[in-house]
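Here the structure is laid out as structure tokens; the discussion comes afterwards.
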Amino acid sequence: MAYRAVFLDRDGTINEEMGYVNHIERFNLLPRVGQAIRLLNQHGWKTVVVTNQSGVARGYFPESLIHQVHQKMQELLIKEGAHLDGIYYCPHHPDVGVPPYRQKCRCRKPLTGLIEEAVRELNLDTSQSYVVGDRGMDIEFGSQVGAKAVLVLTGYGKGELEYSRDQWKVKPDYVAEDLYEAVQWILTQESHKTKIPPSPL
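Residue numbers for the sequence shown follow the working numbering, beginning at 71 and rising by one.
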């Protein structure tokens, strides 16, 4: 049986939005993120980060820094009793940089290559899953794979909601102050689902 998952954007959702995290010291978890991910872990949800990191293609930092940042992210979460089940990133840009990073790939959100890879590797059911992010493209990303989507007001979220929502192709299923509130809403939604009794033998 496939697992339910919550797919998380990184910058502005898990950590402070810095424009580009071009140094390890610029990576800082947002408040209550550890608690939020710990709740998902405790309730049996797979937690998977999916993030665009075109700073590599743009020449702002090497791809090796992404791995260092993600190691730090996992270490900070472990200190709070939380963990991620998978981390998937896209270092490409269709118009900037040099090959192999300059390319029209399938992994750059809102395209769905990252989720497709996660589904294969982790045995996930996107129809029973959620996407959480601070950009309209995260909401579109979720819609394309049949997942419900939550916009958080951290990172770019408030500006996106106030100034860009008329241009959104898809509306979020919920708007939350931060990741912790988003997780609480997800868990509440799931607890309200009608429980189907087992079939008689």
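A virtual CB, placed ideally from N, CA and C, is assigned to each residue, including glycine.
This one's a predicted model, so the numbers in the text were calculated from it and none came from an experiment.
Going by DSSP, what residue range makes up the alpha helix (DSSP H) through residue i?
i      : result
Val189 : Gly183 to Leu192
Thr224 : No alpha helix (DSSP H) contains Thr224, which DSSP labels as neither H nor E.
Asn111 : Val103 to Gln112
Ala252 : Leu249 to Ser261
Val139 : Glu133 to Lys149
Just the C-alpha distance for residue i and residue j, rounded to the nearest angstrom, thanks.
i      : j      : result
Lys239 : Phe211 : 10 Å
Ala106 : Lys174 : 34 Å
Ser124 : His162 : 5 Å
Tyr73  : Ile185 : 13 Å
Ser199 : Glu133 : 29 Å
Val222 : Gln254 : 12 Å
Tyr244 : Glu145 : 30 Å
Gly167 : Gly129 : 7 Å
Ser234 : Thr196 : 26 Å
Ala219 : Gly89  : 23 Å
Ser213 : Phe131 : 31 Å
Thr117 : Asp165 : 31 Å
Comparing alpha-carbon positions, which option in the options lies nearest residue i?
i      : options                           : result
Ile136 : Cys160, Trp115 and Ile148         : Cys160
Pro101 : Leu257, Ala252 and Asp248         : Asp248
Ile148 : Arg108, Val120, Val168 and Glu232 : Arg108
Glu187 : Pro164, Gly206, Val202 and Val215 : Val215
Thr224 : Glu260, Val189 and Leu99          : Leu99
Val91  : His113, Met143, Val118 and Val76  : Met143
Val120 : Val202, Phe131, Gln112 and Pro164 : Val202
Ala75  : Gly183, Ala252, Arg176 and Val189 : Val189
Met71  : Asn193, Glu232 and Gln259         : Asn193
Below 8 Å on the Cβ atoms is my contact criterion, and I expect residue i with residue j to pass it. Report the Cβ-Cβ distance as a whole number of Å.
i      : j      : result
Asp272 : Asp79  : The requested residue 272 is not part of the displayed model; the chain covers only 71 to 271.
Val126 : Ile94  : Rounded, the Cβ-Cβ distance is 15 Å, inconsistent with contact.
Phe77  : Asn85  : In fact, because the Cβ distance is near 16 Å, the residues do not count as touching under 8 Å.
Leu257 : His153 : Actually they do not touch by this definition, with Cβ atoms about 18 Å apart.
Gly82  : Gly227 : 7 Å
Can you say whether residue i is buried or exposed, counting buried as having 16 or more other CB atoms within 10 angstroms of its CB?
i      : result
Ser269 : Residue placement at Ser269 is poorly supported in this model, since its pLDDT is 40, which falls under 50; the coordinates still yield a value, given next. Exposed is the call here.
Lys179 : buried
Asp208 : buried
Ile157 : buried
Tyr250 : buried
His262 : exposed
Asn122 : buried
Gly206 : buried
Pro170 : exposed
Tell me where the beta strand (DSSP E) around residue i begins and ends.
i     : result
Leu78 : Ala75 to Leu78
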